[in-house]
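Chemist: Read top to bottom, the protein sequences are chains C and H. Counting from 9, one number per residue, gives the positions in the first sequence under the numbering used here. Counting from 11, one number per residue, gives the positions in the second sequence under the numbering used here.
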Amino acid sequence: RKEVEQDPGPFNVPEGATVAFNCTYSNSASQSFFWYRQDCRKEPKLLMSVYSSGNEDGRFTAQLNRASQYISLLIRDSKLSDSATYLCVVRTGGFKTIFGAGTRLFVKA
Amino acid sequence: NAGVTQTPKFRILKIGQSMTLQCTQDMNHNYMYWYRQDPGMGLKLIYYSVGAGITDKGEVPNGYNVSRSTTEDFPLRLELAAPSQTSVYFCASRTGGDAEAFFGQGTRLTVV
Numbered sequence: 009r010k011e012v013e014q015d016p017g018p019f020n021v022p023e024g025a026t027v028a029f030n031c032t033y034s035n036s037a038s039q040s041f042f043w044y045r046q047d048c049r050k051e052p053k054l055l056m057s058v059y060s061s062g063n064e065d066g067r068f069t070a071q072l073n074r075a076s077q078y079i080s081l082l083i084r085d086s087k088l089s090d091s092a093t094y095l096c097v098v099r100t101g102g103f104k105t106i107f108g109a110g111t112r113l114f115v116k117a
Numbered sequence: 011n012a013g014v015t016q017t018p019k020f021r022i023l024k025i026g027q028s029m030t031l032q033c034t035q036d037m038n039h040n041y042m043y044w045y046r047q048d049p050g051m052g053l054k055l056i057y058y059s060v061g062a063g064i065t066d067k068g069e070v071p072n073g074y075n076v077s078r079s080t081t082e083d084f085p086l087r088l089e090l091a092a093p094s095q096t097s098v099y100f101c102a103s104r105t106g107g108d109a110e111a112f113f114g115q116g117t118r119l120t121v122v
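1) Opposite A92(C) in the DSSP bridges: which residues?
2) Per DSSP, what kind of secondary structure is P18(C) in: helix, strand or coil?
3) Using a Cβ-Cβ cut-off of 6 Å (strictly less than) and excluding sequence neighbours within five positions of K116(C), which residues of its own chain qualify?
4) Should Y41(H) be flagged as near chain C, meaning a C-beta pair shorter than 9 Å?
5) Is the Cβ of T69(C) closer than 9 Å to any Cβ of chain H?
6) Since M42(H) and Y58(H) should fall inside the 8 Å C-beta cutoff, what is the C-beta to C-beta distance between them, to a whole number of angstroms?
7) In chain C, what lies closer than 7 Å to D108(H) by C-beta?
8) Let me check understanding here. Comparing Cα to Cα, which of D47(C), W43(C), F114(C), C48(C) lies closest to K87(C)?
9) Since I believe F103(C) is in contact with V60(H) (beta carbons under 8 Å), could you give me their beta-carbon distance rounded to a whole number of angstroms?
10) Hey, quick one: how far does the beta strand (DSSP E) through Y45(H) stretch, first residue to last?
11) What distance in whole Å lies between the Cβ atoms of A92(H) and I22(H), which are believed to be in contact at a cut-off of 8 Å?
12) For the beta strand (DSSP E) that Y58(H) lies in, which residues bound it at each end?
13) So, helix, strand or coil for Q32(H), using DSSP?
14) Taking Cβ-Cβ distances shorter than 7 Å, what residues in chain H pair up with G110(C)?
15) Under 8 Å by Cβ, that's how I've got H104(H) and F112(H) pegged, so tell me the actual separation to the nearest angstrom.
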């Protein structure tokens with residue numbers, strides 16, 4: 009079983025749609041969780057951290073469910089510029105950082 | 011603001027050749043990482059370091075070596091290049107705690 013698993017997609021949605029991505033992780037000792045965004049042929053960049061109480065940043069909402077070992081990302085009112093690959097990231101033991109394979113999102117006009 | 015700098019950006023190697031991918035950060039970060047990303051795939055951890063003089067294997071260390079003689083530098087060495095090592099290599103660094111990782115722009119390596 010992979011340490012971090014994501015639905016690879018692709019998700020094809022129209023502008024203005026709401027889309028949700030899920031990610032599961034296998035190590036119950038995992039401590040920190042993040043969503044990164046990666047544009048085509050570019051390096052990954054932090055989108056947002058994920059906190060136990062859930063957190064929101066504009067149109068983006070992240071949630072963590074430790075009991076079920078999954079995290080989610082919700083994007084509301086999708087924009088064309090949201091088209092990218094979204095990477096689920098899990099950090100274990102304070103330093104070992106594992107990336108999921110990513111979920112591709114295409115937002116169409 | 012330099013951040014994380016990787017060199018070279020592109021390289022073509024012949025099977026059996028060796029090379030070193032350079033990674034330097036100027037943020038005084040203790041943690042540094044090397045990942046590889048195959049086409050259409052996610053990042054796989056090759057090696058990581060929690061400070062100068064300390065390195066450890068990640069998910070896919072075979073065929074690679076690293077060293078961390080200074081806080082700033084974390085080079086990745088390929089001794090006998092194989093076609094399976096054709097990939098994009100990303101170096102990243104961060105401070106401790108829940109800090110985000112900052113990535114270099116990547117090195118695109120092709121082994122023929």
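Glycine is no exception: its CB is placed at the ideal position from the N, C-alpha and C atoms. Being a predicted model, the structure only gives us computed values, none of them experimental.
Modeler: Taking the structure as given:
1) L113(C)
2) In this structure, P18(C) counts as coil in the three-state DSSP scheme.
3) P22
4) yes
5) no
6) 7 Å
7) S40, S57
8) Nearest C-alpha to K87(C): F114(C).
9) 5 Å
10) 41-47
11) No, I22(H) and A92(H) are not in contact; Cβ-Cβ is about 14 Å, not under 8 Å.
12) 53-61
13) strand
14) G52
15) Correcting the residue type first, residue 104(H) is Arg in the shown sequence and not His. Confirmed, Cβ separation roughly 7 Å.
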